[in-house]
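Below is one structure, written out as structure tokens; the observations come after it.
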Amino acid sequence: MPAEKKPMRYGHTEGHTDVCFDESGSYIVTCGNDGDIRIWESLDDDDPKSINVGEKAYSVALKNGRLVTAVSNNTVQIHTFPDGAPDGILTRFTTNANHVVFNDSGTRVAAGSSDFMVKVVDVNDSSQQKTLRGHDAPVLSVAFDPKDIFLASASCDGFVRVWKIADQECVTSWPLLEKSNDVVNAKSICRLSWQSRSGKVLAVPVGKSVKLYSRDYWDNTFDLSDDSITQTLNVVSWSPCGRYLAAGSIDGNIVVWNVENKKCLERVKHEKSYTICGLAWHPRGGQIAYTDNEGNLGLLENVADLIEKASSGKVSATVAKDYDDLFDGDDEYEDGQSQENLRDLRAAMNTVVDEDDDDDDELMPSLSRPRHRGSFLDDDNSTDSVPLQPVGAGEEADEDQALGTKISSLAAPVKAVYDGPMPTPRQRPLQPGSTPAHLMHRFMVWNSIGIVRCYSDEEDNAIDVEFHDTSIHHAMHLTNTLNHTMCDLSQEAILLGCKSTDELASKLQCLHFSSWDANKEWIVDLPKGEDAEALCLGQGWAAVATSSLLVRIFMMGGAQREVFSLPGPVVSMAGHGDQLIIVYHRATGFDGEQCLGVQLMELGKKKKQVLHGDPLSLPKKSYLAWLGFSAEGTPCYADSEGIVQMMNRALGNTWTPVCNTREHCKGKSDHYWIVGIHENPQQLRCIPCKGARYPPTLPRPAVAILPFSLPYCQTATEKGQMEEQFWRSMLFQNHFDYLAASGYEYDENAKDQAVKEQQELLMKMFALSCKLEREFRCVELAELMTQNVVNLAIKYASRSKRLLLAQRLNELALEKAAEQAAAEEEEEKEDFRARLNAGYSRTDTEWNQSYHHHRPTTAQHTDDTEDNEEQEDMDTEDIASERTNRLNSVSPCQTSPEKKTPKAATIVPSNQGRSNPFKVSSNSKGPGSTSGQARCANILDNMTKSVKKPAMSSNQPANKQTSPVLKPLMPKPKSKQAQTTLFQTGTVKSNSTSAEQKESKVELVAAEQTAPPPATPENTETKRPKTGFQLWLEENRADIIANDPDLEEGDIIKEGMSRFRSLLPEERMVWTEKAKGGSTNAVAGDTKKRKHMEDENKETPENKKNRSDDTSSTKKQKPLDHSTNLKLSSFAFKKD
């Protein structure tokens, strides 16, 4: 089985690097051209400890808790391990030190420098130094003899020398290397290595082979090479057992030999063929850590010695099995131990027996069964019983007794071993947008509001606050005297938290900079033994989760609110508006998986819990990396695998992956650090981190914007792309509905644009399905379309000569029309009731007083005539009047000229003083007041000016000329007739007309559904009175058709409206009174009608001007029908 090569990761900046293990093999230590020493717990450690030792670090060595580095400032420094505290300078050179090594005991350090010298320094007393002079060029590398007698060194002068340390003399030298004038120009750094333990052989990388020199005679014993080596070898390293030798070349090849048989065991190629400049074996063997000249760190596992051990283990297992076969008939353990433990015990017995060289054959059978017999003897006999011994066997008995004591001592600690999945350590609490707390310079929080940095070093311990928008607040500098480690930032305040100490309790500090009073800061001490683990800010509240499994909520001013318990230790929490999301440990995970739960609460006036501890979806062996909300208030989170998920409120509050940041990373060790999510526009704002999971504070990192992409299938095809775009748009549109339901303002244009994009995508998918002859899929897509788009789909299917599909779509359109009509009617009723309840919420006493003192009179019927004279859009107002007359025919209330209608229809709470909207002042005038006087401040007059507009169906065109107080509803059969007409015209109409004209006709048909229908037998049965425009249209329909016989029904109505508007106000008044059954002089009306018919065909410039004036005034003005509103007011008054 070949060695397993782990993916390399970024460790340091580009340049020379070095690597070593600590004595236990728990840490990997690297150094590089960035001047940092990094301590890695494993190759997957995304948060290695970093120690800056200088501008550049060339070599590192570790032994006995002391870390020695060769630094570019001509010094050899020493630090404590693993704390990394500086422990002084070991020695100095006149130029850079290139290589440092420890001896086996860790008492001395050897260093080679570019000033041609090698120094051997005592670690405990740096004044005890030995200097070895003899090289004529910079020293490349040095190596200690395991017996601490000799020292080998290689130099740019081409010689490899062996020194006797005590005499400081060169014992021998070999001209093996190519000469160079500096280390950077050397073809190989020639890292030497003595054989571990014995030190019998010195390995020197020369060219494409490794030369081995004997310690006894300093001759070249043999060479190691392989066909896979095509470039010069750079570094060699012996395994801890001394049996294997590893070498790395300048083209990225790593080769491992078994020195005893000179066989090549491993051949590993660097994934990018970079030069191997650092090589280190794990202290227990089996692993090799290596670095390249680009700053990357790699790891090889299951290297040669593990293969050898596995093979030898198989032999041992075979021998043990043969030995166990001798005990197949033994009795079972009475103490309940398993047979597997019995075999382990027997293996231990064999080990003890093998250590005793005397009489092995005689002892082996006597040690097997007495263990079972001894258990019976202990049960049946007393402790005074003495076993019989044969005469002359005293010495053997003593040996047996001593051996039995050893066996019993080995057998005592044997216990059952758990072989199942191991529990996963729980993830520590995470503050979203923060970097690890152990860093001296770190981000406490980075979100969409601003950045909070913390600086904690020997000179200063402070917190800097920076806002993205300086209009919120200016930048602040705070002194961190309490050693705060947690922070959150909002548009109202800064919340800080610290852990408890032996002297001080855990504290919560808030700087409420948006407060209007002078006291902007408050501090709360948590109870003794309770530490703050996570905190967050919302709109008007602050929350903290503690180590006591409690969540404490505070008002923004510092007053305490609710306190509730968590089912498990908190992992992270975040707030936005009234929403609070908490992630905690539900249970203990296994096999590297975290078992997390999530709660989502709303802390507004109507408190409720949206998510009740639902499991949080995480990939295998990952953990939570970020938690928060989008800028629009949708909960989101990200895991350590880079997958960002967003809550889908429209799908039962489920989680949907919206982005995989790993797809945008260039390297395997690169990550993206999330700082914010926006739904409109769709942006994932994050910081790219090369070789780490979080960014440094300096230099200031740049923010990148990543696109969202849902994990749909076959996104490379046109169909898959459109499906992903459509459902992503649907997902990111959900926040509009949430904001509307929660009473927040939102951009209606953005919502309309999103709906338009969705319908365009549906139409494209529909057309693609038609080309692929997937008609059933076309109908499925049409079910997602709006009414207007379904009409376009019908036309497309008809022109494509897919009559069966067109018929199916026509049936679907009729069903949608019926559902729409029912929904609009129900919506309008509910909206009307809601507005009445909001506008007339008065007490019974005020209601009754207003009713008794201001009873309406029948003389006020004349207001209808005055109102109608003031209106210029008689056709549209008559529609609203018709609907109102059907609701109620009670006389309206009196008006008050002194009270003017406010511009903003703000609903005043009932506990504040407010006048009755139907109350008439004492100086109010009678019905004979002029039309120029102000009308009463009726609450119904202000319905159209409310900030919150009633929801409109997406397929109904907005009619700005119609009063939106009440919409006239069409009966369901009429909608069906309109759709049938559309289908028929869509199939028969020729292709000569343009696409714009056809779309306008679709809109006209939709407008026809809201316009009053012509007189039909069905409408006659409804007993509804006709409007003036309807009567005029019945009499003049023949003339309109005669002028243009090709007009359709919608075009006839449009032309009729245009001609009706061109009439004089008096003439329109005659038709209106005729429709209402008034007492207008019929002769005058007929005269004016005949005059209009005579002048109809010859239109003067004055008439054109009047017509344009009427049209423009219709578009600019939106007068309200006061008579209609007054009648509705009386209806509500009587009803209550």
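If you read the sequence shown in the numbering used here, its first letter stands for residue 2, the second for the next number, and so on. Every residue gets a Cβ at the ideal spot worked out from N, C-alpha and C, and that includes glycine. Predicted model, so just to flag it, every value in this text is computed and none were measured.
Buried versus exposed, by CB contacts within 10 Å (16 or more), Asp-1045: Against the sequence shown, residue 1045 aligns to sequence position 1044. Its Cβ having fewer than 16 others within 10 Å, Asp-1045 is exposed.
Minimum length 4: unbroken alpha helix (DSSP H) runs contained in the stretch 1041–1075: Whole alpha helix (DSSP H) segments, 4+ residues: 1050–1063.
Give me the Cα-Cα distance between Phe-737 and Gln-715, rounded to the nearest whole angstrom. Taking the first residue of the sequence shown as position 1, residue 737 is located at position 736. Taking the first residue of the sequence shown as position 1, residue 715 is located at position 714. Answer to the nearest angstrom: the Cα atoms are 29 Å apart.
Out of Ser-174, Leu-234 and Cys-242, which has the shortest C-alpha to C-alpha gap to Tyr-214? As a position in the sequence shown, residue 214 is number 213, starting the count at 1. The residue with the shortest Cα to Cα distance from Tyr-214 is Ser-174.
Among residues of its own chain, excluding the 5 on either side of Leu-44, which ones have a beta-carbon nearer than 6 Å to its beta-carbon? Locating residue 44 in the sequence shown gives position 43, where the first residue counts as 1. Lys-7 and Leu-300.
Where Thr-547 falls, given that 16 or more other Cβ within 10 Å makes a residue buried: Position 546 of the sequence shown, counted from the start, is the residue given in the question as residue 547. Buried.
Under the assumption that His-586 contacts Val-572 (Cβ atoms under 8 Å), give the Cβ distance between them as a whole number of angstroms. Stepping through the sequence shown from its first residue, residue 586 is reached at position 585. Stepping through the sequence shown from its first residue, residue 572 is reached at position 571. Contact flag correct, Cβ pair sits at about 6 Å.
Please report the straight-line C-alpha distance between Pro-139 and His-100, rounded to a whole angstrom. As a first step, residue 139 must be located in the sequence shown, where it is residue number 138. As a first step, residue 100 must be located in the sequence shown, where it is residue number 99. Distance from the CA of Pro-139 to the CA of His-100, rounded to the nearest whole angstrom, comes to 11 Å.
Of the listed residues Trp-41, Ala-86 and Val-545, nearest to Val-54 (C-alpha basis): For the purposes of this step, residue 54 is taken as the residue at position 53 of the sequence shown. Of Trp-41, Ala-86 and Val-545, the residue nearest in Cα terms is Ala-86.
Buried or exposed (CB count within 10 angstroms, at least 16 for buried), Val-185: On the sequence shown, position 184 is the one that residue 185 refers to. So Val-185 counts as exposed.
Distance check for Asp-420 and Leu-378, CA to CA, integer angstroms please. Here residue 378 refers to the residue found at position 377 when the sequence shown is read from its first residue. Here residue 420 refers to the residue found at position 419 when the sequence shown is read from its first residue. Residue placement at Leu-378 is flagged as unreliable, the pLDDT there being 36, under the threshold of 50; the coordinate-derived value follows with that caveat. When rounded, the distance between both Cα atoms is 34 Å.
Assuming Thr-96 contacts Ala-112 under a Cβ cut-off of 8 Å, what Cβ separation, rounded to an integer in Å, is found between them? On the sequence shown, position 95 is the one that residue 96 refers to. On the sequence shown, position 111 is the one that residue 112 refers to. No, Thr-96 and Ala-112 are not in contact; Cβ-Cβ is about 12 Å, not under 8 Å.
Could you tell me the boundaries of the beta strand (DSSP E) in which Asn-789 lies? Counting from 1 along the sequence shown, the entry for residue 789 is found at position 788. Segment 788–800 is the alpha helix (DSSP H) holding Asn-789; no beta strand (DSSP E) there.
What is the C-beta distance between Ser-142 and Leu-225, in whole angstroms, given that I count them as a contact (C-beta under 8 Å)? Residue numbering aside, residue 142 sits at position 141 when the sequence shown is read from its first letter. Residue numbering aside, residue 225 sits at position 224 when the sequence shown is read from its first letter. About 18 Å separates the two Cβ atoms, so there is no contact after all.
Have a look at Asn-75 and Ile-495 and give me their C-alpha separation to the nearest angstrom. By 1-based counting over the sequence shown, the position of residue 75 is 74. By 1-based counting over the sequence shown, the position of residue 495 is 494. Per the coordinates, the alpha-carbon of Asn-75 lies some 47 Å from the alpha-carbon of Ile-495.
Would Leu-538 pass as a contact of Val-545 if the rule is Cβ separation under 7 Å? Taking the first residue of the sequence shown as position 1, residue 538 is located at position 537. Taking the first residue of the sequence shown as position 1, residue 545 is located at position 544. No, Cβ-Cβ distance for Leu-538 and Val-545 is not below 7 Å.
Assuming Ala-281 and Phe-22 are in contact, meaning their beta carbons sit under 8 Å apart, how far apart are those beta carbons, in whole angstroms? Position 280 of the sequence shown, counting from 1, holds the residue named residue 281. Position 21 of the sequence shown, counting from 1, holds the residue named residue 22. Separation of the CB atoms of Ala-281 and Phe-22 is rounded to 6 Å, and the pair is thereby assigned contact status at 8 Å.
If you count every other CB in all the chains shown that lies within 10 Å of the CB of Arg-454, and 16 or more means buried, which is it? Your numbering for residue 454 matches position 453 in the sequence shown. Looking at its Cβ environment, which holds 16 or more other Cβ atoms inside 10 Å, Arg-454 is buried.
Nearest-angstrom Cα separation, counted from Ala-144 out to Leu-152: Looking up residue 152 in the sequence shown gives position 151. Looking up residue 144 in the sequence shown gives position 143. Those two C-alpha atoms are separated by around 6 Å.
Spatial neighbours of Met-9 in its chain, beta-carbon cut-off 7 Å, leaving aside the 5 residues before and after: Along the sequence shown, one-based indexing puts residue 9 at 8. The residues are Glu-272, Asn-297, Leu-298 and Gly-299.
Taking DSSP's pairing of strands, which residues face Tyr-456 in a bridge? Along the sequence shown, read from residue 1 onward, the residue named residue 456 stands at position 455. Tyr-456 pairs with His-442 and Ala-463.
Quickly, what does DSSP pair Trp-175 with across the bridge? List them, please. Counting from one through the sequence shown, the residue named residue 175 turns up at place 174. Note: Trp-175 is bridge-paired with Val-161 in the DSSP secondary-structure output.
Per-residue DSSP class, three states only, for Asp-19: As a first step, residue 19 must be located in the sequence shown, where it is residue number 18. Strand.
Using a 10 Å radius around the Cβ and a threshold of 16 neighbouring Cβ atoms, would you call Met-423 buried or exposed? As a position in the sequence shown, residue 423 is number 422, starting the count at 1. Burial call: exposed.
Using the Cα positions of Tyr-638 and Tyr-624, report the straight-line distance between them to the nearest angstrom. Taking the first residue of the sequence shown as position 1, residue 638 is located at position 637. Taking the first residue of the sequence shown as position 1, residue 624 is located at position 623. Roughly 11 Å separates the two Cα atoms.
Measure from the alpha carbon of Leu-785 to the alpha carbon of each residue in Leu-773, Gln-760, Arg-809 and Tyr-797, then state which is nearest. Working through the sequence shown from its first residue, we reach residue 785 at position 784. Comparing Cα positions, the closest option is Gln-760.
What residues in its chain sit with their C-beta under 6 Å from that of Lys-807, if we drop five residues either side in the sequence? Position 806 of the sequence shown, counted from the first residue, corresponds to residue 807. The sequence given here has Ala at residue 807, not Lys. Closer than 6 Å at Cβ, skipping near neighbours: Ile-795, Ala-798 and Ser-799.
Own chain residues within Cβ distance below 7 Å of Tyr-739, not counting five before or after: Residue numbering aside, residue 739 sits at position 738 when the sequence shown is read from its first letter. Here the set comprises Gly-634 and Arg-650.
Determine, using beta carbons only, whether Lys-500 and Tyr-11 come nearer to each other than 7 Å. In the sequence shown, the residue the question calls residue 500 occupies position 499. In the sequence shown, the residue the question calls residue 11 occupies position 10. In this structure, Lys-500 sits away from Tyr-11, with a CB-CB distance that is not shorter than 7 Å.
At what residues does the alpha helix (DSSP H) containing Gly-721 begin and finish? As a first step, residue 721 must be located in the sequence shown, where it is residue number 720. Where Gly-721 is concerned, the enclosing alpha helix (DSSP H) stretches over 719–733.
What number of angstroms, rounded off, separates the C-alpha of Asn-1140 from the C-alpha of Leu-497? Shown here, the chain extends from 2 to 1137; a query on residue 1140 therefore has no answer.
Could you say which of Ile-79, Ala-768, Met-445 and Ala-58 lies nearest to Ser-73 if we only look at CA atoms? One-based indexing of the sequence shown puts residue 73 at position 72. Nearest of Ile-79, Ala-768, Met-445 and Ala-58 to Ser-73, Cα basis: Ala-58.
Need the endpoints of the alpha helix (DSSP H) that Ser-548 sits in, please. Residue mapping note: residue 548 aligns to position 547 of the sequence shown, counting from 1. Ser-548 -> no alpha helix (DSSP H), and no H or E assigned at all.
Would you mind sorting Thr-233 into buried or exposed? The rule is 16 or more other CB atoms within 10 Å of its CB. Here the question's residue 233 lines up with position 232 in the sequence shown. With 16 or more other Cβ atoms within 10 Å, it is buried.
Count the other CB atoms within 10 Å of the CB of Ser-27; is the residue buried (16 or more) or exposed (fewer)? Taking the first residue of the sequence shown as 1, we reach residue 27 at position 26. That one is exposed.
Is any heavy atom of the ligand NAP found at a distance shorter than 6 Å from the C-beta of Val-236? What this structure holds is no ligand at all, so the ligand NAP is not there to describe.
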